[in-house]
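Sequential numbering from 2 applies to the sequence shown in my numbering.
Input: a single structure, listed below in C-alpha cells.
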Amino acid sequence: MNTYELPGPKLYLGGQWEEGSGAEITSIFSADGSTNRVLKGASKGDGERAIERALKAQADPAWRNLKPYERARYLHKIADGIECSAARIAYIQTRDTGKTLRETRALAASAAGTFRYFAAALETLNDDLTSPRGDYLSMSVHEPLGLVAAITPWNSPIASDAQKVAPALAAGNAVLLKPASWSPLVSLELARIIEAAGLPTGLFSVLPGAGREIGNLLVEHPNISKVSFTGGTSTGRMLARQAADKLMPVSLELGGKSPTIVYADADIDLAIAGILFGVFSSSGQSCIAGTRLFVERTIYDKFLERLVTATKSLVVGDPFDKQTQVAPLVHFDHHRSVVEQVETAIASGAQVLCGGARPEGAIYEKGAYYMPTILTSVANDAAICREEVFGPVLCVLPFDDEADVISQANDNEYGLACGIWTRDFPKAWHTARAITTGTVWINTYKQFSISTPFGGEKDSGIGREKGQEGIRAYTAQKSVYVDLTGKPHAWARWPNEEP
Ligand code: NAD
C-alpha cells in the first residue's frame with residue numbers, strides 16, 4: 002500500500018498557509034491509536050483574518066464579474082485536482098477517520114463528481130424573465146450571498162465539504178470551511194487542491210478548531226451571510242437560534258434514526274444484503290444508517306435468524322485491508338459513547354443477538370473497534386431506538402400490518418431516510434408516501450445521486466443539498482424591472498380616467 006505525507010500543521014487562512022493560534026488538535030488513527038498529526042486550530046483572530054481576506058476577494062471584480070462559464074472552469078479544475086489526488090485523499094481520510102480505504106476512495110470520487118456536477122449546473126441554470134403587467138421587462142436574477150460558512154462533521158469529510166464548497170463557489174461566494182476537530186486533515190488537502198486550481202486568493206479558507214470558538218465566530222460574525230451546517234441535531238438547533246438573531250439563512254443537515262421496513266413478501270436475500278450495508282457500512286457512523294428495523298411478524302423469527310448469521314459473517318478489521326467491511330470507529334471517545342449506549346439498553350432489558358462488544362483478537366486490542374450488533378426486545382420509545390448511536394448497532398422490532406408499521410416508523414423525532422423491502426409495488430408506494438422522511442429507498446438502501454436533492458424532515462434538518470437548485474441555496478434572489486415606454490410614470494390614476 003502507498004503511504005502519503007499528511008497535511009498540516011499549517012492552516013489555510015484566506016489564501017495563506019499559516020500556523021493556527023488556537024487550541025491544539027490531535028488527529029489520530031483509530032485502528033491503533035497512533036498520532037497522525039498535531040496542529041494548532043484556528044483562533045478567533047485567525048478566523049477574523051480569514052474573513053477579512055475573503056471579503057476583499059469576494060468583492061473583487063476579478064471574481065464577482067466572472068461569467069458563469071468562467072467560474073465553472075475553476076470547479077472543473079478542482080475536480081481534476083481531486084481526481085489526480087484521489088489515492089492520496091483516500092489515504093489521508095482513512096488515517097484521519099478510520100474508514101475503510103474502499104469507502105474513502107468512493108468519497109473522493111464522489112467529491113470530484115460534485116464539483117463537476119455543479120460546474121455543469123452553473124452553466125445550465127438560467128435566470129427568469131417573468132410575466133409583466135405593464136410596459137416593462139420584469140426578471141428574477143440571482144446574486145451571490147457574499148461569505149458562506151460551511152461547517153462539516155467528521156463522518157464523510159471530503160464528500161460533505163464538496164457538497165457545500167462546490168455550490169457555494171459556483172454561486173460566486175467566498176467560503177470559509179470549518180471541519181470537525183477529529184478530522185481536520187482531508188479538508189486541508191482540499192485547500193491544497195483548490196489553491197493549485199488557481200482559485201483567486203482569499204476566496205477559500207480551512208479553519209479547523211473548536212466549535213465553541215471558531216464555529217461560533219463564523220455563525221455570529223456580521224459579515225457571514227449564510228451558514229451551511231452538517232452535524233448533530235443539538236448543535237444545529239443552537240446554530241439556528243444564533244442565526245435567528247442575525248436573520249441569517251441556515252441550511253441544516255442533521256441526525257437520523259432511520260427505519261427500514263421488511264414486508265413478508267420481500268426478496269429476503271436482497272433485503273438482508275441491503276440492510277447490512279444500510280446499517281453496518283461506515284461502521285454505522287452515517288446519518289442515514291437504517292438503525293431501526295421493522296420486520297413483519299409472520300416472518301420475524303426466520304428473518305432474524307438469517308440476519309444474525311449474515312451479520313456474524315461481516316469482516317471487521319484494519320481499514321487499509323481490502324477485505325474489511327466494518328472498520329474501527331472514528332475515535333476512542335466515540336467508542337466509549339457507543340459502548341455506554343448499548344450497555345444502558347441491555348440494563349433496560351434489550352437482548353443482544355450478536356455483537357455488543359469489542360471483537361476479540363490481538364489486532365483489535367489497540368483500536369476503537371466495535372462488533373456489528375443486533376438488539377431485540379427493545380421498545381420503539383426506548384432511548385436506544387430514539388437516539389442516534391452513530392455506531393454499528395441495529396434495533397429490530399416486529400409489526401403487524403402496513404398501518405402499524407407506518408405509525409411505528411413515524412413515531413420518532415428524526416425524519417432523514419427510510420428503506421422499504423417488498424415485491425408489492427403499490428404497497429411500497431403507499432408506505433413511501435406516508436413516511437415522514439426526506440429520502441425513501443425501495444428495495445435498495447444508501448444509493449445517492451448528486452442530481453437528487455437530499456435533506457431531512459423534522460429534527461433531521463432544514464433545506465436540501467444537491468440537485469440543480471443546490472446552487473440557488475447560496476444566492477439571493479433579486480427582481481429587476483426595466484421600463485419600455487420612455488414616458489413619465491402615470492401614477493394614482495385609474496385606467497381611462499380623464500387627466
Ligand atoms: P457535531 O454537531 O458535534 O459537529 C459538527 C460540526 O459542528 C463540527 O465541525 C463541530 O466542530 C461544529 N460545531 C460544534 N459546536 C459548534 C458551535 N457551537 N458552533 C459552530 N460549530 C460547532 O457533529 P459530529 O459529531 O461532528 O457529526 C456527527 C453528526 O452529524 C451526527 O449527528 C450525524 O447524523 C450528523 N450528520 C448529518 C448528515 C446529514 O446530511 N443529515 C451527514 C453527516 C452527518
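Quick reminder that beta carbons are idealized off the backbone N, C-alpha and C, glycines included.
Output the boundary residues of the beta strand (DSSP E) element that contains Gln478.
Here residue 478 corresponds to residue number 477 of the sequence shown, with the count starting at 1. Element bounds for Gln478: 476 to 484.
**Message:** Which residue wins for smallest C-alpha separation from Leu305, given the options Gly279, Arg337, Leu376?
**Reply:** To locate residue 305, count along the sequence shown from 1; it is residue 304. Out of Gly279, Arg337, Leu376, Leu376 has the C-alpha closest to the C-alpha of Leu305.
*asked:* Using a Cβ-based criterion (distance less than 7 angstroms to any ligand heavy atom), does Arg213 qualify as near the ligand NAD?
replied: Within the sequence shown, the letter at position 212 stands for residue 213. Yes, the ligand NAD has a heavy atom inside 7 angstroms of this Cβ.
Would you kindly work out how many angstroms separate the C-alpha atoms of Ile285 and Gly279, rounded to a whole number? The residue you call residue 285 lines up with position 284 of the sequence shown. The residue you call residue 279 lines up with position 278 of the sequence shown. Reading off the sequence, residue 285 comes out as Gly, not Ile. Whole-angstrom Cα-Cα distance: 8 angstroms.
Handout entry: Length-filtered (3 minimum) beta strand (DSSP E) runs lying within the segment 384 to 437
Key = 394 to 400, 418 to 422
When the Cα of His490 is compared with those of Asp136, Tyr75, Gly114, which residue comes out closest? Translated into positions along the sequence shown, residue 490 becomes position 489. For the residues Asp136, Tyr75, Gly114, the minimum Cα distance to His490 belongs to Asp136.
| task | Label Ser480 either buried or exposed according to how many other C-beta atoms from any shown protein chain fall within 10 Å of its C-beta, with 16 as the threshold for buried. | result | Within the sequence shown, the letter at position 479 stands for residue 480. Per the 10 Å Cβ criterion, exposed.
Classification of Met2 by the beta-carbon crowding that lies within 10 angstroms, buried from 16 upward: Position 1 of the sequence shown, counted from the first residue, corresponds to residue 2. Exposed.
ask   = Counting along the chain, where does the alpha helix (DSSP H) carrying Glu124 start and finish?
value = Here residue 124 refers to the residue found at position 123 of the sequence shown. Start and end: 102 to 125.
- Item | Nonlocal neighbours in the same chain, by C-beta distance under 8 angstroms from Arg117, ignoring five residues either side | Numbered from 1 along the sequence shown, position 116 holds the residue referred to as residue 117. Correct list, in chain order: Leu76, His77, Ala80.
* Go to Asp246, then tell me how far its alpha helix (DSSP H) extends in each direction, as first and last residue. => Here residue 246 corresponds to residue number 245 of the sequence shown, with the count starting at 1. From DSSP, the alpha helix (DSSP H) with Asp246 extends over 234 to 247.
Skipping 5 residues on each side, what residues in its chain have a beta carbon closer than 6 angstroms to that of Gln352? Walking along the sequence shown from the start, residue 352 turns up at place 351. Closer than 6 angstroms at Cβ, skipping near neighbours: Thr377, Ser378.
Closest residue to Gly21 among Tyr5, Glu49, Ala244 (Cα-Cα distance): On the sequence shown, position 20 is the one that residue 21 refers to. When only C-alpha atoms are compared, the closest one is Glu49.
Taking 8 angstroms as the cut-off, does the segment 422 to 442 touch the segment 216 to 225 (at least 3 CB pairs, one atom from each stretch)? no
- Item | Simplified DSSP state of Thr345, which is helix, strand or coil | Mapped onto the sequence shown, residue 345 falls at position 344. Three-state result, Thr345: helix.
Please report how far the alpha carbon of Gly203 lies from the alpha carbon of Ala63, in whole angstroms. Here residue 203 corresponds to residue number 202 of the sequence shown, with the count starting at 1. Here residue 63 corresponds to residue number 62 of the sequence shown, with the count starting at 1. Cα to Cα, the separation comes out at about 12 angstroms.
- Task: Compare the beta carbon distance of Ser31 and Pro373 with 8 angstroms and say whether it is the shorter of the two.
- Result: For the purposes of this step, residue 31 is taken as the residue at position 30 of the sequence shown. For the purposes of this step, residue 373 is taken as the residue at position 372 of the sequence shown. No. Outside cutoff.
request  = For Leu255, verify whether its CB is less than 7 angstroms away from any heavy atom of the ligand NAD.
outcome  = For the purposes of this step, residue 255 is taken as the residue at position 254 of the sequence shown. Leu255: yes, Cβ under 7 angstroms from the ligand NAD.
- Leaving out the 5 sequence neighbours to the left and right, which residues in its chain are closer than 7 angstroms to Lys459 when beta-carbon positions are compared? Looking up residue 459 in the sequence shown gives position 458. Closer than 7 angstroms at Cβ, skipping near neighbours: Glu414, Tyr415, Gly416, Thr437.
query: For Pro522, which of helix, strand or coil comes out of DSSP?
result: Absent from the model: residue 522. The displayed extent of the chain is 2 to 500, so no value can be given.
key: Limits of the unbroken beta strand (DSSP E) element including Ile29   = Along the sequence shown, read from residue 1 onward, the residue named residue 29 stands at position 28. That run of the beta strand (DSSP E) goes 25 to 30.
_Collapsed DSSP secondary structure at Gly46 in the structure displayed_ = For the purposes of this step, residue 46 is taken as residue 45 along the sequence shown, with counting starting at 1. Gly46: helix per DSSP, three-state reduction.
Problem - Member of Ile29, Asp47, Arg54 whose CA lies at the smallest distance from the CA of Gly16 - result: Here the question's residue 16 lines up with position 15 in the sequence shown. Closest by alpha carbon: Arg54.
Exercise. Enumerate in chain order the residues of its own chain whose CB-to-CB distance from Pro145 is below 6 angstroms, with the five nearest sequence positions on each side excluded.
Key: For the purposes of this step, residue 145 is identified with residue 144 of the sequence shown, where counting begins at 1. Same-chain partners within the cutoff: Ala172, Gly173, Asn174.
**Q.** Distance between Lys367 and Ala43 (C-alpha atoms, nearest Å)
**A.** As a first step, residue 43 is located in the sequence shown; it is residue number 42 there, counting from the start. As a first step, residue 367 is located in the sequence shown; it is residue number 366 there, counting from the start. When rounded, the distance between both Cα atoms is 30 angstroms.
For this session: Identify whether Gln164 lies in helix, strand or coil by the three-state DSSP scheme.
Result: As a first step, residue 164 is located in the sequence shown; it is residue number 163 there, counting from the start. Three-state result, Gln164: helix.
Next item on the list: Give a yes or no on whether the C-beta atoms belonging to Tyr370 and Val317 are separated by under 8 angstroms.
Entry: Locating residue 370 in the sequence shown gives position 369, where the first residue counts as 1. Locating residue 317 in the sequence shown gives position 316, where the first residue counts as 1. A contact, by the Cβ cut-off of 8 angstroms.
| task | For my contact list, Ile93 and Tyr13 are in at a C-beta cut-off of 8 angstroms; report their separation, rounded to the angstrom. | result | Locating residue 93 in the sequence shown gives position 92, where the first residue counts as 1. Locating residue 13 in the sequence shown gives position 12, where the first residue counts as 1. The pair is not a contact, with the Cβ atoms about 15 angstroms apart (cut-off 8 angstroms).
Practice problem: Drop a sphere of 10 angstroms on the beta-carbon of Trp23, count the other beta-carbons inside from all chains shown, and report buried for 16 or more, exposed for fewer. | Solution: Numbered from 1 along the sequence shown, position 22 holds the residue referred to as residue 23. Checking the sequence, you will find Gly at residue 23 rather than Trp. Gly23 should be labelled buried.
Q) Within the chosen definition, does the segment 192 to 202 reach the segment 225 to 235 through at least 3 CB pairs nearer than 8 angstroms? A) no
Item to check | Gln448 versus Thr440: straight-line alpha-carbon distance, rounded | outcome: Here the question's residue 448 lines up with position 447 in the sequence shown. Here the question's residue 440 lines up with position 439 in the sequence shown. Using only the alpha carbons, I get a separation of about 10 angstroms.
#### Entry: Distance cut-off 7 angstroms: Cys288 Cβ against heavy atoms of the ligand NAD
Indexing the sequence shown from 1 puts residue 288 at position 287. Yes, the beta carbon of Cys288 sits closer than 7 angstroms to at least one heavy atom of the ligand NAD.
*asked:* Tell me the DSSP secondary structure of Ala175 in three-state form.
replied: To locate residue 175, count along the sequence shown from 1; it is residue 174. Of the three classes helix, strand and coil, the one that applies to Ala175 here is strand, per DSSP.
**Prompt:** Nearest to Ala122 by CA position, among Trp155, Ala169, Ala88, is which residue?
**Reply:** Here the question's residue 122 lines up with position 121 in the sequence shown. Of the candidates Trp155, Ala169, Ala88, the one whose C-alpha sits nearest the C-alpha of Ala122 is Ala169.
Practice item. Could you pull the start and end residues of the beta strand (DSSP E) that Trp18 belongs to? Key: Counting from one through the sequence shown, the residue named residue 18 turns up at place 17. Unbroken beta strand (DSSP E) run through Trp18: 17 to 20.
Where the beta strand (DSSP E) containing Thr38 begins and where it ends | Looking up residue 38 in the sequence shown gives position 37. Here the sequence assigns Arg to residue 38, which means Thr is not the residue at that position. Here the beta strand (DSSP E) through Arg38 covers 35 to 41.
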